[in-house]
Amino acid sequence: MAKNYESEITQFLKEYKAAHPDVEQRQLEGRARFWDKPQDPELLESFRAARVPQKPYVYQGE
1093 MAKNYESEIT QFLKEYKAAH PDVEQRQLEG RARFWDKPQD PELLESFRAA
1143 RVPQKPYVYQ GE
């Protein structure tokens, strides 16, 4: 593959980002809206304490 080769997808993305300079900021805002939430350490610890270990073969009867 040539050193200067860029796929059509890469070219499209570069052109799109040049035409829409705010797209990266909107991506960060979307990530923050859905994923970057503050964590409560006490709540996480209670979740871990309440976890029940899974049996090696879950379909086996007792």
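FYI, this note's numbering numbers position 5 of the sequence shown as 1097, with every residue one higher than the one before it.
Virtual Cβ for every residue (Gly too), placed ideally from N, Cα, C.
What residue does the alpha helix (DSSP H) around residue i start on, and which one ends it?
i, result
"Q1138", "The sequence given here has Ser at residue 1138, not Gln. First-last of the alpha helix (DSSP H) with S1138: 1133-1142."
"Q1103", "1100-1111"
"V1157", "In this structure the chain extends from 1093 to 1154, so residue 1157 is not present and cannot be described."
Do residue i and residue j have their CB atoms nearer than 8 Å?
i, j, result
"K1106", "V1115", "no"
Can you list, in chain order, the residues of its chain with a C-beta nearer than 6 Å to that of residue i? Leave out the 5 residues immediately preceding and following it.
i, result
"R1143", "none"
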